[in-house]
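Undergrad: Below is one structure. I have some questions about it.
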Amino acid sequence: MSGRPPAGPKIDDVVKYMEKLQAEKRSAELSVQKFANDRDRVDEQIENLRAKRNDIEARLQMEKERFERLDRTIVRAEETLGKLVDSSKTLADFVKREISSGTPDRGAISVAVSCWIREFISNYREAGDKHRQPNGSAYPLHSTPVGKPSLDVSGQCLEQSIPHSHADRCPRLRQEGF
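One point on numbering: in full-length UniProt numbering, the residue at position 162 of the sequence shown is 162, and numbering is uninterrupted.
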């Protein structure tokens, strides 16, 4: 009787049980690796989305600033246009009265037109100065490629060729507000 193995689990059963545990361990290890890879992939996607969101946020801010600049430009352009229309109506009324008076004073008409041009240029420059940007461009006015208002050169020539004292010499111009 002493040659018999003891009763209870056999060594083969213990070995099989340990092999089963090893297989489960390998399966669990693969699952851990898979979840770690999934987590890393999701982290990368999150970083990409954050970068994309930051880019979109920057572009949105630039567009908002552009929108606000254009809104201000339109308001000021409408004001300048209103001044220009009022001024041109006053000039047209003056020229009509001069012509209908029978003996138009061509010098007075010329001075009135010159004064109107000077006022137009002044309004143009004033609007450009109000909207001057750090890069030199002016809003709402169209700019030349170097960023200076396109009428500056011709405006300076016109202003230099118009004596500022014409309105002082013509009482009718003073009455009309020129």
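Cβ atoms here follow ideal geometry from the backbone N, Cα and C, with glycine treated the same way.
Which value, in whole angstroms, describes the spacing of the CA atoms of ILE117 and VAL111?
TA: Near 10 Å, if we compare the C-alpha coordinates of VAL111 and ILE117.
Undergrad: Taking 7 Å as the limit between beta carbons, can you name the residues of its chain near ASN123, skipping five residues before and five after?
TA: Cβ neighbours of ASN123 beyond the five flanking positions: THR80, LYS83 and LEU84.
Undergrad: On the criterion of 16 or more Cβ atoms from any shown chain inside 10 Å, does ILE121 qualify as buried, or is it exposed?
TA: buried
Undergrad: On the three-state DSSP scale, how would you describe MET18?
TA: For MET18, the secondary structure class from DSSP, reduced to helix, strand or coil, is helix.
Undergrad: Please tell me whether GLU119 and SER87 are closer than 8 Å, where the distance is taken between their beta carbons.
TA: A distance below 8 Å separates the beta carbons of GLU119 and SER87.
Undergrad: Mind checking whether ILE109 and VAL95 have CB atoms under 8 Å apart?
TA: yes
Undergrad: Is LEU91 buried or exposed, if buried means 16 or more other CB atoms sit within 10 Å of its CB?
TA: It counts as buried.
Undergrad: I need the straight-line Cα distance from ALA28 to ASP40, nearest angstrom please.
TA: Inter-residue distance for ALA28 and ASP40 is about 18 Å (C-alpha atoms, whole angstroms).
Undergrad: Taking the straight line between their C-alpha atoms, what separation do you get for VAL15 and ALA23?
TA: 12 Å
Undergrad: Tell me the rounded alpha-carbon separation between ASP43 and VAL32.
TA: 16 Å
Undergrad: Answer with buried or exposed for SER114, where buried requires no fewer than 16 other C-beta atoms within 10 angstroms of its C-beta.
TA: buried
Undergrad: Can you tell me the Cα-Cα spacing of ALA51 and ARG59, whole angstroms?
TA: Distance between the alpha carbons of ALA51 and ARG59 is about 12 Å.
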